[in-house]
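*Asks:*
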Amino acid sequence: MLLPPEIDELRTLVTSLTRRVAERYAAGSSHDDDDSIVTATAAVLAVVHEATSKLLCERNARITINCLPTEILGRILREMQLDAGRTQVLVAPTRASLVCRRWRAVALATPCLWSTLEHIKGRGICPVPVFKSLLQRSEAMSVLLPQYLSPEHIDAVSAQMHRISRLQLPAEYWDDAPSSPTQRRAPQLQFLAISGIARDCPPRAMFEGYAPMLQTLVAGAEFLSPSSVYPALAGLTTARIWAKDGRHFFELCTSLFAQCKGLTTFIGHVPSHDYALPQQPIVHNLQSLRLAGFLNDYLPLLKVLDHGRIRSISLFLEKRNLPPPDLSAVLTPLRSPITHLGIHCRGVSNDLLYIELSDSRGFVRTIEGIWATTISSFLSQHAHLAWSLESLTVFGTFDSLPALGIPLDQLKMLSIGIGIEYSHKLPHSMRLGDCQTLPVLRLTTTERYSFAVAAAKIVSVIRGVTTTEGDPVRISELCLNGITLPRYMDHDSSTHEGSMSALTASVDTIKFTDTPWKTLAIPILYM
């Protein structure tokens, strides 16, 4: 772009030329005036040409990286850090700072390079002087402390609590002394995780009642007292609580819901107990609830929470829930027709599964840890549900689609999850009832990375999608999420071309994406 003096010079010349042309043509111009206009125009063009040439020379000139402004060089170092991955988050800027004095100055002056200390833990304890220097290099620190800390580390964190936005403390180092991080004001704290406490003395106050940005709490129930009021927790939106004592857990839940009016997500591991919950409903604004434990232990909690109002519920059943439990009390609130069904199996035997059901309102129920010989045995227990299935997801090592016993004539999308370990074993028979046309067939990886599947295997999957009578179902669109087609060598080119021709002839449209498709509306809970 032009410099300000050059812009002013061009603006002055063009304005003068425009004014002269307007005056001459208003009064009737002569040949002499035309010559002067041509001369002025040539002068303007010369200035423009000179400015453009100068600009191009500057833009095309080679500039050494050390001549770049600090902001640009710092951004380059930041990109190097992001490319290195989370486990090397401090390695990249440290190496860059050793190149020369210039790079060291830039690295130390770029706060985002030192904005997380999540992976500074190694074989030993981080030296306290190094830890303190790292804490002082950023004004918006995001800290996840190492697992093994000394009291000196805790003191360093306490002194910087006005900057820290993410804090995790192990149980053995928790302390309610005035020097503890939890007893300091935390104006920027957004995430707090505390494993528990080493003794039964939960704090009566936290952060001097001032943590206005705190949104997420992960803690053992023993860390909090049900009889205490914590103003610092008033803004919580997400809480994850676990405990060994059932009575303490339920009393804390009641207290937490009463204090945190904005709490929308609650995750809890419900311990075994013989404590009778109060029958009056608990007032809350939950949108997502995830519970782990034994079914009979948390059914009373679901009842007092009036779980029919909660949009998303994920239940993790312990292995002792055998045979498959009756979940009618949990699934009955899905009053609208069920529009999505997800079946996810693990292992070669496909015994352990989790099922996701979603109705037309967007209410979701996910149950994990069901042991069943067949999937239909689980669905037959809940025949009272109304079905208008539009989306079906199947993850597992099936040779054929299991008999579901539900209507599939309105199905709009069938999704099949593929793991690289079982990519050679794809379902070759999927009967969709009276469904004549399937708008979308989706094949997605269950891994975090892409891998190749032979075109011939995908064609066999497509040809296996039929009606009950065995007639082929017309598939409009094939989506491959994280699934690629391999490139064959010359001696296999004819076979590959034949498979590709069959694939393109089987569907109207093929779409590719690099990332796997996320099927679950809410993540499964592992405790």
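Those letters in the sequence shown? Residues 66 to 592, by our numbering. Glycine is no exception: its CB is placed at the ideal position from the N, C-alpha and C atoms. Note that the coordinates shown come from a computational prediction; the quantities given were computed from them, not determined experimentally.
(1) Where does Phe443 land, buried or exposed, given buried means 16+ other C-beta within 10 angstroms?
(2) Under 7 Å Cβ to Cβ from His338, same chain only, skipping five residues before and after it: list those, please.
(3) Taking all protein chains shown into account, decide if Asp474 is buried (16 or more other Cβ within 10 angstroms of its Cβ) or exposed.
(4) If you run the structure through DSSP and keep just helix, strand and coil, what is Gln146?
(5) Measuring alpha carbon to alpha carbon, tell me which residue in Ile306, Arg167, Asn350, Pro192 is nearest Pro134.
(6) Starting from Asn361, follow the alpha helix (DSSP H) in both directions and report where the run begins and ends.
(7) Looking only at C-alpha atoms, which of Ser425, Leu155, Leu491 sits nearest to Val609?
(8) Run through DSSP, which three-state label would Asn386 get?
(9) Which first and last residues belong to the alpha helix (DSSP H) in which Pro194 is found?
(10) Rounded to a whole number of angstroms, what is the C-alpha to C-alpha distance between Phe577 and Gly547?
(11) Would you tell me roughly how many angstroms separate the C-alpha atoms of Cys132 and Ala172, rounded to the nearest one?
(12) Under DSSP, the beta strand (DSSP E) around Lys576 begins and ends at which residues?
(13) Give me the residue from Val283, Ala284, Pro252, Tyr295 with the minimum Cα distance to Met271.
(14) Suppose the cutoff is 6 Å on Cβ atoms and the five residues either side in sequence are ignored; what does the same chain contact list for Glu273 look like?
(15) Which residues mark the beginning and the end of the beta strand (DSSP E) in which Ile527 is found?
(16) Tell me the residue span of the beta strand (DSSP E) that contains Ala258.
(17) Taking the DSSP output, what are the residues bridged to Leu298?
(18) Applying the criterion that 16 or more other CB atoms from any shown protein chain within 10 Å of the CB defines a buried residue, is Ala357 buried or exposed?
(19) Opposite Tyr419 in the DSSP bridges: which residues?
(20) Kindly give me the distance between the Cβ atoms of Ala341 and Pro402, rounded to whole angstroms, as I take these residues to be in contact under 8 Å.
(21) Should Arg231 and Gln201 be called a contact, given that it needs their Cβ atoms to be closer than 8 Å?
(22) Answer yes or no: do Ser456 and His409 have a C-beta to C-beta separation smaller than 8 Å?
(23) Can you say whether Met495 is buried or exposed, counting buried as having 16 or more other CB atoms within 10 angstroms of its CB?
(24) Could you tell me which of Ala276, Ser293, Ala258 sits nearest to Leu282, measuring between CA atoms?
(25) Grab the span of the alpha helix (DSSP H) containing Glu316 for me, first residue to last.
(26) Which residues in the same chain as Leu545 place their Cβ atom closer than 6 Å to its Cβ, once the five residues preceding and following it in sequence are excluded?
(27) For a test of the three-state rule: what should DSSP assign to Ile141, helix, strand or coil?
(28) For Ser379, count neighbouring C-beta atoms within 10 Å of its own C-beta (all shown protein chains included) and say buried if the count is 16 or more, exposed if not.
(29) Since Gln233 sits in a beta bridge, which residues does DSSP pair it with?
(30) Would you call Gln146 buried or exposed, if buried means 16 or more other Cβ atoms sit within 10 Å of its Cβ?
(31) On a CA-only basis, which of Thr247, Arg513, Leu367, Glu542 is nearest His349? Give me that one, please.
(32) I want to check one thing, is the minimum distance from the CB of Ser337 to the heavy atoms of the ligand MG below 7 Å?
(33) So, using beta-carbon positions, are Gly427 and Pro398 closer together than 8 Å?
(34) Quick one: grab the DSSP three-state call for Asp474.
(35) So Thr511 packs on Gly535, CB below 8 Å; how close in whole Å?
(36) How is Asp424 classed by DSSP in three states: helix, strand or coil?
*Replies:* So, from the data block:
(1) Taking every protein chain shown into account, the CB of Phe443 has 16 or more other CB atoms within 10 angstroms, so this residue is buried.
(2) Cβ within range, chain order: Gly311, Arg312, Asp362.
(3) exposed
(4) helix
(5) Arg167
(6) 360-369
(7) Residue 609 cannot be examined here, being either before or after the span of the chain that is shown, 66 to 592.
(8) Residue confidence for Asn386 is low, a pLDDT of 47 falling below 50, so the modelled location carries little weight; the figure read from the coordinates is stated next. If DSSP states are grouped into helix, strand and coil, Asn386 belongs with coil.
(9) 193-200
(10) 8 Å
(11) 15 Å
(12) 572-578
(13) Tyr295
(14) Answer for Glu273: Arg250, listed in chain order.
(15) That residue, Ile527, is in no beta strand (DSSP E); its alpha helix (DSSP H) goes 520-528.
(16) 256-259
(17) For Leu298, which the question treats as bridged, DSSP gives no partner whatsoever.
(18) buried
(19) His409, Glu433
(20) Actually they do not touch by this definition, with Cβ atoms about 36 Å apart.
(21) no
(22) no
(23) buried
(24) Ala258
(25) 311-324
(26) Leu508, Phe577
(27) Ile141: helix per DSSP, three-state reduction.
(28) Around the beta carbon of Ser379, a 10 Å sphere encloses 16 or more other beta carbons of the protein chains shown; the residue is thus reported as buried.
(29) Gln233 is bridged to Ala258.
(30) buried
(31) Between His349 and the set Thr247, Arg513, Leu367, Glu542, the nearest pair of CA atoms involves Leu367.
(32) The ligand content of the structure shown is nil, which means the ligand MG is not present either.
(33) No, these two residues do not count as a Cβ contact at 8 Å.
(34) Annotated three-state conformation of Asp474 is coil, per DSSP.
(35) 29 Å between Cβ atoms; not a contact.
(36) strand
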